[in-house]
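2 protein chains.
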Amino acid sequence: MARSPTTSDVFNAVAELQRRRILELLVDGEKSVNQIAEVLAFRQPQTSKHLNVLKEVGLVTVRSDAQQRLYRLNPEGIKQIYDWSKTFERHWNESLDRLEAYLEELQQQVQRKDNHEQP
Amino acid sequence: MARSPTTSDVFNAVAELQRRRILELLVDGEKSVNQIAEVLAFRQPQTSKHLNVLKEVGLVTVRSDAQQRLYRLNPEGIKQIYDWSKTFERHWNESLDRLEAYLEELQQQVQRKDNHEQP
DNA sequence: GACATATATTCTTATATAGGAATACACTAG
DNA sequence: CTAGTGTATTCCTATATAAGAATATATGTC
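Chains as they are written, first to last, in the working numbering: chain A, 273 to 391; chain B, 273 to 391.
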């Protein structure tokens, strides 16, 4: 089986850095394809393709103004990612966890050294 | 250019649903490869491969206990995703934005209808 | 209608999976 | 050392990009 399509969900869509950059840019408000392409130094067809992926997963919406297509951020999609990541929040907030992990790391390092020096 | 490797960053690593499921499972604490494989109904080699991807991007750590490899969640990696998505937080909190988007959507639908019925 | 501007689509290519199958490797018990 | 348990690795295949190049489509202007 191959990797899931980029349009299968928001996680796959934002895996691509260039698409995350587009979303970050759209925070300032709606922009045309050429505006996006210019700011991010993309070619126009690539920009259209990325925008189409973002549109398919609902991360942006489009409206037409003459020949232009004005793309706007739809933050609801990003909220899905936020909600998922937030379920792990208490784990990085617990400093005790961090300390445990650190000690564990040290133990492993010592163990590895022992294994190498006395095989 | 092909898609970025799954190991290039946390965003690419968690794009795969099965890897997100592994992370969710590890919230309960460290688990061995076979334990993970059993709970999620994966085959062992697939489990090892997914865990390796998660390890490479720093989303999990491993320690050895006899033949077993005990994988533990490293929440710092998920925090990267949380932090990124959180920068959009105010947008989905602004109900005004939502209203505007909704109106825009309606306008588009009306426009499309007009275009179809009077071409 | 002819031409310009803005955007989308098609085609091609190099690359990277994800899962299955088979096998190799690591460590333990006796 | 031999068998058993747990895990990692290799090989294979079908699939899916992402970017470049070329082209098609849509809309506005004159």
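Just so it is clear, CB atoms sit at the ideal spot from N, CA and C, and this is done for glycine as well.
Thinking C-alpha only, which one of Asn324/B, His363/B, Leu345/B is nearest Gly301/B?
Leu345/B
Counting only beta-carbon separations shorter than 9 Å, does Tyr392/B have a partner in chain A?
Beyond the ends of chain B as shown, which are 273 and 391, falls residue 392/B; an answer cannot be given.
Contained beta strand (DSSP E) runs [length at least 3] in the region 309-347 of chain B, N- to C-terminal order:
332-337, 340-345
Please tell me whether Leu289/A has its Cβ less than 9 Å away from any Cβ of chain B.
yes
Let me make sure I understand the geometry here. Which of Ser304/B, Tyr354/B, Asn365/B, Gly349/B has the alpha-carbon closest to that of Ala463/B?
No answer is possible for residue 463/B: the residues shown for chain B start at 273 and end at 391.
Three-state secondary structure assigned by DSSP to Ser276/B:
coil
Does the beta-carbon of Met273/B have 16 or more other beta-carbons within 10 angstroms, so that it is buried, or is it exposed?
exposed
So which residues of chain B does Val329/A contact, with C-beta pairs closer than 9 Å?
Those do not exist, as Val329/A stays about 12 Å from chain B at its closest Cβ, beyond 9 Å.
Rounded C-alpha distance that separates Leu298/A from Phe283/A
18 Å
Alpha carbon to alpha carbon, how far is Lys351/A from His322/A? Give it in angstroms, no decimals.
20 Å
Listing by chain order, which chain A residues have their CB less than 9 Å from the CB of Ser320/B?
Neighbours of Ser320/B on chain A: none; closest Cβ ~17 Å, over 9 Å.
How is the alpha helix (DSSP H) around Glu302/A delimited, first residue to last?
Taken as a continuous stretch (DSSP letters only), Glu302/A belongs to no alpha helix (DSSP H), as it is neither H nor E.
For my contact list, His290/A and Asn306/A are in at a C-beta cut-off of 8 Å; report their separation, rounded to the angstrom.
The residue asked about is misnamed: residue 290/A is Gln in this sequence, not His. In fact, because the Cβ distance is near 16 Å, the residues do not count as touching under 8 Å.
Quick check on DSSP: helix, strand or coil for Asp281/A?
coil
Does DSSP put Glu366/A in a helix, a strand or coil?
coil
What separation, rounded to the nearest whole angstrom, lies between the Cα atoms of Glu361/A and Thr359/B?
16 Å
When we look at the beta-carbon of Val311/A and count the other beta-carbons within 10 Å, is it buried (16 or more) or exposed?
exposed
Helix or strand or just coil, what does DSSP make of Glu296/B?
helix
Under 8 Å (Cβ pairs) to chain A, residues found in the region 340-366 of chain B
Arg344, Leu345, Asn346, Pro347, Glu348, Ile350, Lys351, Ile353, Tyr354, Trp356, Ser357, Lys358, Thr359, Phe360, Glu361, His363, Trp364
Amino acids of chain A, ordered along the chain, whose beta-carbon sits closer than 8 Å to that of Ser276/B
Ala287, Glu288, Leu289
Grab me the residues of Phe314/B's own chain with a C-beta within less than 8 Å of its C-beta, minus the 5 sequence neighbours each way, in chain order.
Gln290, Ile308, His322
Assumed close pair Arg275/B, Arg292/A - CB separation to whole angstroms, cut-off 8 Å
14 Å between Cβ atoms; not a contact.
Within 10 Å of its beta-carbon, does Pro395/A have 16 or more other beta-carbons around it, so buried, or fewer, so exposed?
For chain A, the structure presents residues 273 to 391; residue 395/A sits outside this window and is missing.
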